[in-house]
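The sequence shown runs 1 to 272 under the UniProt record's numbering. Structure record follows, encoded as structure tokens.
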Amino acid sequence: MHSWWLLLPILGLSCLGGFGFLYVGLRARRPAWWIAGIGYLLIGWTAFVLTGETDSESALSDWMAGLVLAVWAASIVHAFLINSSWLKWRAGHRPWYAEQPPGGPGSPYPPGPLAPPPSLSPTAPEYPSTPPISPAYPSEAPTMPVYPAGDPTFAAYPPLPQPTDYFGPGPAAGPVPDQRVDAGPQAANTGPVEVNSAGPHDLAALPGFDPQRARQVLAERDRRGGFGSLSEFVAAAGLAPHEYARLRDRLVCAPPAPPAPGLPPQGRVLDV
């Protein structure tokens, strides 16, 4: 089907064969083909016109008639020689209207959905009629964890003192010094910490302690006049059982210093 242009050189008698070369040369962008077509047209038409204008018995008429036949035969042979190259080009040629759309096989663009027409607007997403229910938040007051009776962590927690326990009079009350805890990095203290003489930096360096908890413990220690046992220290610091389990090997509670003579005892005394 694509070799139909061969009919022009065959049936054109050297007058139409050049148009076939022009067609395939311009389509395939082969200058050698369309330039040959121009040459065949010029020579063929010139020889054809001169043959009719000259005397049929003259030698020029014979020469022009022979030239017409030679151009006709040359164009046919030339057309069959280049037809194979024309068919190869035609097989690999893809017209502009048959190009793959963006995202098709062999396209440099990634596949994607087509954009909606300009006159149509995308539908708005549907929302539920009622807003979703917010999850319940826990209460502000933390609840005390419940441990089974055989839990070793619960067994390591020291028992709280009874109200009837009396640990002796505390030291004399004095002015409370400004106990500010520096929030900067402190050198880690790996030795034992005596809860009645430790400073704010010593307490803040303990695992699970921060400056706020250290100030809380120091204020309670000054109010009590000293801790009588580790149980009082744990209660004042608000330590959880797992927090105390990490600190029990590092905490030491020495008896508080006795009050100065002549000063009333500190703390609460219960009559029994």
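Where is the CB? At the ideal position from N, CA and C, for every residue including glycine.
In this structure, the beta-carbon distance from Y40 to S84 does not fall below 7 Å.
By a beta-carbon distance limit of 8 Å, A32 does not contact W89. Their separation comes to about 13 Å. For V252, the three-state secondary structure derived from DSSP is strand. A straight line joining the alpha-carbon of L251 with that of L230 spans about 8 Å. Here DSSP, grouped into helix, strand and coil, assigns V195 to coil. Taking C-beta separations shorter than 7 Å and ignoring five residues to either side along the sequence, the partners of A214 in its chain run V181, P200, L203, A204, following chain order.
Membership of H201 in the alpha helix (DSSP H) is indicated by the continuous run 200-204. The residue from R223, L218, A245, D222 with its alpha-carbon nearest to that of A237 is L218. Rounded to the nearest whole angstrom, the C-alpha separation of A245 and R224 is 24 Å. Here F19 is actually not in contact with G44; their C-beta atoms are around 11 Å apart, not less than 8 Å. The Cβ-Cβ distance between F233 and V195 falls below 7 Å.
Of all alpha-carbon atoms in S58, I35, M64, the one lying nearest the alpha-carbon of L50 is that of M64.
If you look at A73, you'll find it in the alpha helix (DSSP H) that goes 59-92.
Around S197, the same chain offers A254 as residues with beta carbons nearer than 8 Å, after the five sequence neighbours per side are excluded. Put simply, of G191, E57, L16, S14 the residue whose alpha carbon is nearest the alpha carbon of L247 is G191.
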